[in-house]
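Residues 1 to 482, numbered by our numbering, are exactly what the sequence shown covers, in order.
Inspection log for the structure reproduced underneath, given as structure tokens.
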Amino acid sequence: MPSELPNFIPAVPEMFVLFMALVILLAGVFIKKRHQIPYYLTQITLILVAGLTWYIFTYSDFAETSFTFHHMFVLDRFSVYLKLFIYLSVFFAFIYAREYNDERKIPHTEFYVLGLLSMLGMVALVSSSNLLTVFLGLELLSLPTYAMVALYRNKTRSVEAGMKYFVIGAIASGMLLYGMSMIFGATQSLDLTEIAKAVSATPLHQNLILVFGLVFIVAGVAFKLGTAPFHMWVPDVYEGAPSSVTLFISTAPKIAAYAMIIRLLILGMPALHVQWHQMLIVVAILSMGIGNFAAIVQSNIKRMLAYSSIAHMGYMLLGVLCGTRNGYAAAMFYTITYSLMSLGAFGMVVLMSRGGFEAENINDFAGLNSRNPWLAFMMMLILFSLAGVPPLVGFIAKVGVLDALIQVHLVWLAVLAVLFAIVGAYYYIRVVKVMYFESAPPQLKPIRCSLEMKIAISLNGLAVLFIGIFPGWLYALSHLAF
């Protein structure tokens with residue numbers, strides 16, 4: 001009996017991204033003199049695919065949750081909202097990256113094509129409702145980023161970082177795949193909805209393979225998120241990669257990794273909540289502790305922000321481990337706003353790196369206020385937000401997660417998170433002190449940047465302030481996703 005053709009409409013945006021990635025690759029081959037064409041084609045692609053995603057979800061005849069490809073791909077509020085934020089994050093990442101890549105002669109066509117293919121993996125992962133599509137989406141996300149990290153061939157550290165990222169990423173993928181195979185063996189299904197039914201119907205003491213599978217899945221996810229104790233690759237890769245690539249891998253992939261946690265643990269294994277709740281508590285505490293304390297002693301700003309990212313992913317996990325709708329929404333709000341803050345912080349690192357100079361040391365930001373007061377103010381807003389200073393969005397995100405913890409009577413964990421946040425504030429404030437109270441070397445000129453970059457960093461910094469003062473719409477969106 002011939003099988004029915006799947007409904008392709010929910011996946012049209014993903015197919016459009018794949019088509020445009022191939023078009024941009026060909027354009028880069030045949031139009032070598034006009035090297036900005038791939039950039040503009042990429043940005044137009046991102047605008048069109050965001051509009052297409054919203055249009056299909058809002059104006060199509062589908063129900064609120066639509067499955068296709070034999071229940072392997074889902075289009076729902078959760079996936080649509082996260083996809084839109086991924087598109088926005090990648091759009092700004094490419095704006096920041098353009099001038100930096102041109103100065104260093106990093107292959108521009110390859111950079112944008114690999115970025116689009118990685119983004120395709122992110123949005124496929126967000127819409128996964130099957131272990132197979134989760135793994136395929138994750139690999140499509142990861143493989144292009146390995147190449148992007150090693151794309152600056154004139155820099156030995158970049159190639160070395162690419163090799164580290166590839167080897168450790170392969171180990172993480174292997175652990176995740178091994179865990180998935182155990183879950184499949186125990187439940188006889190790859191579909192996350194069916195897995196949830198099978199797990200809830202099976203007494204745990206009769207099928208311990210589920211717990212072993214869960215351990216490997218949590219370890220694999222922790223590797224991909226860059227949380228402790230699986231964080232070893234994060235500082236080396238963030239430091240060794242070109243700053244434009246570090247910016248890319250520190251933002252949108254975090255949103256996709258959050259979606260992977262929700263799909264695998266919340267959708268696929270809610271009956272094992274007690275088990276993964278305990279594992280995530282350990283991972284979150286280690287991440288907040290190691291991330292914040294290790295960041296204090298860093299003199300390289302990229303390494304500092306790398307350890308900061310480990311700590312922030314620990315805070316995000318606090319929302320997930322609550323096991324409540326409010327906790328998941330708080331974690332979603334935290335992930336989106338962290339991506340926004342990380343985009344601005346690494347955007348400033350990219351903007352300061354001019355004429356072959358790499359602004360990687362914290363002392364390179366000395367006297368930034370005297371060189372460009374507006375950029376210093378934007379960086380101060382972003383750093384204070386990362387530190388959790390009110391009324392900026394980082395403070396609101398932390399309060400949301402702490403509120404979710406208190407609602408489930410995890411007050412001790414909320415207190416611990418506050419103590420780690422106080423420790424974390426030190427290294428952000430240290431950078432602000434350097435920018436405002438230390439003098440710039442006399443040979444350094446005032447910082448000038450293109451209008452496009454100035455608008456991007458201004459929007460980025462002001463968004464951190466605006467969403468902090470008016471967080472209701474984003475919180476409402478996060479709650480609607482569940």
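Where is the CB? At the ideal position from N, CA and C, for every residue including glycine.
{"Item": "Please determine if the stretch 406-419 and the stretch 308-327 are in contact, where contact requires at least 3 C-beta pairs separated by less than 8 angstroms.", "Value": "yes"}
{"Item": "If we ignore side chains and look at the alpha-carbon of each, how far apart do W473 and L208 end up?", "Value": "43 angstroms"}
{"Item": "Can you look up N300 in the DSSP assignment and give me helix, strand or coil?", "Value": "strand"}
{"Item": "If the criterion is Cβ atoms closer than 8 angstroms, does the pair Y426 and I296 meet it?", "Value": "yes"}
{"Item": "Would you mind giving the Cβ-Cβ distance between V17 and T53, rounded to the nearest angstrom? I have them listed as a contact below 8 angstroms.", "Value": "At roughly 10 angstroms, the Cβ-Cβ gap does not stay under 8 angstroms, so V17 and T53 are not in contact."}
{"Item": "Answer with buried or exposed for K105, where buried requires no fewer than 16 other C-beta atoms within 10 angstroms of its C-beta.", "Value": "exposed"}
{"Item": "State whether the stretch 307-316 contacts the stretch 374-385, with contact taken as three or more CB pairs (one from each stretch) at a distance under 8 angstroms.", "Value": "no"}
{"Item": "Entirely within the stretch 20-105 and at least 3 residues each: give me those beta strand (DSSP E) ranges in chain order.", "Value": "66-68 and 73-75"}
{"Item": "Could you round the C-beta distance between L225 and A257 to whole angstroms and report it? I think they count as a contact, below 8 angstroms.", "Value": "5 angstroms"}
{"Item": "Within 10 Å of its beta-carbon, does T156 have 16 or more other beta-carbons around it, so buried, or fewer, so exposed?", "Value": "exposed"}
{"Item": "So, at 6 angstroms on beta carbons, what are the nonlocal neighbours of S181 in its own chain, with the 5 sequence-adjacent residues on each side left out?", "Value": "none"}
{"Item": "What is the rounded straight-line gap between the Cα of I171 and the Cα of A219?", "Value": "10 angstroms"}
{"Item": "At which residues does the alpha helix (DSSP H) containing V401 begin and terminate?", "Value": "V393 to Q407"}
{"Item": "Taking one C-beta from the stretch 345-354 and one from the stretch 241-253 each time, how about it: are there three or more such pairs within less than 8 angstroms?", "Value": "yes"}
{"Item": "Using the Cα positions of A222 and Y315, report the straight-line distance between them to the nearest angstrom.", "Value": "13 angstroms"}
{"Item": "Let's see if you can read the secondary structure: which residues bound the alpha helix (DSSP H) around D236?", "Value": "W233 to G240"}
{"Item": "Would you decide whether Y486 is buried or exposed? Buried here means 16 or more other CB atoms lie within 10 Å of its CB.", "Value": "Given a span of 1 to 482 for the chain in the structure shown, any question on residue 486 remains unanswerable."}
{"Item": "CA-CA distance, D236 and R303?", "Value": "7 angstroms"}
{"Item": "Is DSSP giving N130 helix, strand or coil here?", "Value": "strand"}
{"Item": "For N207, does the three-state DSSP call read helix, strand or coil?", "Value": "coil"}
{"Item": "Compute the Euclidean distance between the alpha carbons of V126 and S478, then round it to the nearest angstrom.", "Value": "15 angstroms"}
{"Item": "Any contact between the stretch 160-174 and the stretch 108-116? By contact I mean 3 or more CB pairs, one from each, below 8 angstroms.", "Value": "no"}
{"Item": "Pairs of beta-carbons, one from the stretch 113-123 and one from the stretch 136-147, closer than 8 angstroms: are there three or more?", "Value": "yes"}
{"Item": "So, at 7 angstroms on beta carbons, what are the nonlocal neighbours of E160 in its own chain, with the 5 sequence-adjacent residues on each side left out?", "Value": "G240"}
{"Item": "Using three-state DSSP, classify A284 as helix, strand or coil.", "Value": "helix"}
{"Item": "When burial is assigned at 16 or more other CB atoms within 10 Å of the CB, is Q188 buried or exposed?", "Value": "exposed"}
{"Item": "Comparing alpha-carbon positions, which option in N292, G289, L214 and F230 lies nearest Q278?", "Value": "L214"}
{"Item": "Does DSSP put N7 in a helix, a strand or coil?", "Value": "coil"}
{"Item": "Tell me the rounded alpha-carbon separation between D403 and I266.", "Value": "20 angstroms"}
{"Item": "Compute the Euclidean distance between the alpha carbons of R430 and N292, then round it to the nearest angstrom.", "Value": "13 angstroms"}
{"Item": "If you check the beta carbons only, do S339 and S89 fall under 8 angstroms apart?", "Value": "yes"}
{"Item": "Could you check what DSSP says for N361 in three-state terms: helix, strand or coil?", "Value": "strand"}
{"Item": "Classify V134: buried if its beta carbon has 16 or more other beta carbons within 10 angstroms, exposed otherwise.", "Value": "buried"}
{"Item": "Our contact map puts G400 next to F333 with C-beta atoms below 8 angstroms; I'd like the distance itself, whole angstroms only.", "Value": "6 angstroms"}
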